[in-house]
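Numbered per the UniProt record's numbering, the sequence shown finishes at 320, counting up by one with no gaps.
For glycine and all other residues, C-beta sits at the position ideal for the given N, C-alpha and C.
Taking it in order: structure first as structure tokens, then the write-up.
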Amino acid sequence: MSDGLFDVRVKRISYEADGINSYELISPTGRDLDPFTAGGHIDVHLPNGMVRSYSLVNDQRERHRYVIAINKDAAGRGGSRFLHDNLKAGDIVRVSQPRNNFALCEQAEHSVLIAGGIGITPLLSMARRLDALGRSFELFYAARAPRAAAFLDELEVLAAKGRLKVRLDFDDQRCGRLFDLAAVIDRAPAQAHLYCCGPQPMLEAFEAAAAGRPADHRHVEYFQASEAPATAGGFEVKLARSNRTIPVEAGKTILEALLEAGIAANHACSEGVCGTCETRVLEGIPDHRDQFLSKDEQASNKTMMICCSGARSGTLVLDL
Numbered sequence: 001m002s003d004g005l006f007d008v009r010v011k012r013i014s015y016e017a018d019g020i021n022s023y024e025l026i027s028p029t030g031r032d033l034d035p036f037t038a039g040g041h042i043d044v045h046l047p048n049g050m051v052r053s054y055s056l057v058n059d060q061r062e063r064h065r066y067v068i069a070i071n072k073d074a075a076g077r078g079g080s081r082f083l084h085d086n087l088k089a090g091d092i093v094r095v096s097q098p099r100n101n102f103a104l105c106e107q108a109e110h111s112v113l114i115a116g117g118i119g120i121t122p123l124l125s126m127a128r129r130l131d132a133l134g135r136s137f138e139l140f141y142a143a144r145a146p147r148a149a150a151f152l153d154e155l156e157v158l159a160a161k162g163r164l165k166v167r168l169d170f171d172d173q174r175c176g177r178l179f180d181l182a183a184v185i186d187r188a189p190a191q192a193h194l195y196c197c198g199p200q201p202m203l204e205a206f207e208a209a210a211a212g213r214p215a216d217h218r219h220v221e222y223f224q225a226s227e228a229p230a231t232a233g234g235f236e237v238k239l240a241r242s243n244r245t246i247p248v249e250a251g252k253t254i255l256e257a258l259l260e261a262g263i264a265a266n267h268a269c270s271e272g273v274c275g276t277c278e279t280r281v282l283e284g285i286p287d288h289r290d291q292f293l294s295k296d297e298q299a300s301n302k303t304m305m306i307c308c309s310g311a312r313s314g315t316l317v318l319d320l
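Right, here's the structure in full:
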């Protein structure tokens, strides 16, 4: 575990909705797994070399298992298809220790959780946590149709306790009308914390509708990049700790150039959404293309995501 990775066994695979399976992961030796917090995720390292991040959907108090859910995305880069088509109960897979880039504010007076499609995964863990804490919260869940909405049975159990209000919204029942996300946000109490996870259009609509709310009350998690990675090249990266200079040629990202040079740089999603490759910038001006850092964090130029961001200066000095 010196690299932060360890093996887990697939105990159970369950159908959750059209194209969505859940995977229960346990320790092969029966030990407790590393703790996680609601909204957290693990990176799954696939045998074909791919690394994919998946939110943990179970109760954070559980130490005997992790549960993830994967949507088989025909338009994706192949990770979800590989897992759906190849992973079987009993298989061993390598995963990272849990990390959380989408943390829950447990002290909020009220929380509004907004999910779109597979975006329900981190929010279900949050719903479990808020219910356990006895907090005030509500959940809005939009999907194409009921058959495409995962974990409806578990949400029904939570709602039956009387603390959670669940509002479902299905495309095939709206007769062409759009999901009124702005109205959901407008109705939320002024001090509420708002969380959104779902497809790109939903996240963009959420950020626009919630722009007037305090920045620390707005929380989003992206599953994919909203713009292309910087591949113009034509600059060099100086590695302060390694005492090496790596040219970044046209057509390559910084991460690709480093990996080709034999530099063991941390990475996972390669789209600037998971935060795994965040690297300190010591000198130079990055060309930020990620969805992980806030606008203020990008403007400070203190760190960057080397998987997708480039350079606006001829040289970048990185803490690598």
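Other residues of its chain near residue i: CB distance less than 7 Å, five sequence neighbours each side excluded
i	result
residue 233	248, 249, 250, 251, 252
residue 282	240, 317, 318, 319
residue 179	142, 169
residue 73	80
residue 126	38, 39, 104, 113, 195
residue 15	21
Contacting residues, own chain, Cβ-Cβ under 6 Å from residue i (five flanking each side not counted)
i	result
residue 163	131
residue 1	Only weak support is given to the placement of residue 1: the predicted model assigns it a pLDDT of 40, under 50, and the value that follows is read from those uncertain coordinates. Same-chain partners within the cutoff: there are none.
residue 316	237, 284
residue 95	8, 42, 44
residue 36	56, 60, 98
residue 53	41, 43, 268, 269, 274
residue 50	79
residue 118	71
residue 145	170, 172
residue 235	248, 311, 314
Separation of residue j from residue i, as counted between CA atoms
i	j	result
residue 298	residue 292	9 Å
residue 264	residue 28	28 Å
residue 257	residue 93	28 Å
residue 218	residue 102	10 Å
residue 108	residue 17	31 Å
residue 255	residue 313	17 Å
residue 69	residue 122	10 Å
residue 19	residue 148	8 Å
residue 300	residue 160	46 Å
residue 184	residue 261	49 Å
residue 167	residue 244	55 Å
residue 66	residue 128	14 Å
Top-ranked residue by Cα proximity to residue i, from the options
i	options	result
residue 7	21, 14, 46, 40	46
residue 212	225, 222, 231, 188	188
residue 31	62, 19, 21	62
residue 86	198, 158, 23, 296	23
residue 280	222, 303, 133, 295	303
Local conformation of residue i per DSSP, three classes
i	result
residue 21	strand
residue 218	strand
residue 145	coil
residue 115	strand
residue 129	helix
residue 252	coil
residue 206	helix
residue 316	strand
residue 311	strand
residue 7	strand
residue 32	coil
residue 1	Low confidence applies to residue 1: its pLDDT is 40, below 50, so where it sits in the model is not reliable, and the reading given next is rough at best. Correct three-state label for residue 1: coil.
Contact test: residue i Cβ vs the ligand SAM heavy atom, cutoff 7 Å
i	result
residue 230	This structure lacks the ligand SAM; in fact it carries no ligand of any kind.
8 Å Cβ shell around residue i - same chain, five flanking residues per side excluded
i	result
residue 289	225, 227, 228, 229, 230, 272, 305, 308, 309, 310
residue 88	10, 13
residue 242	263, 320
**Study point:** alpha helix (DSSP H) segments (min. 4 residues) lying fully within the region 164–200
**Key:** 181–187
Exercise for review: Mind listing, in chain order, the continuous alpha helix (DSSP H) runs of no fewer than 4 residues lying wholly within the region 47–125?
Suggested key: 79–86
Practice item. Would you list, in sequence order, the uninterrupted alpha helix (DSSP H) runs of no fewer than 4 residues that lie entirely inside the region 223–308? Key: The qualifying runs are 254–260, 295–300.
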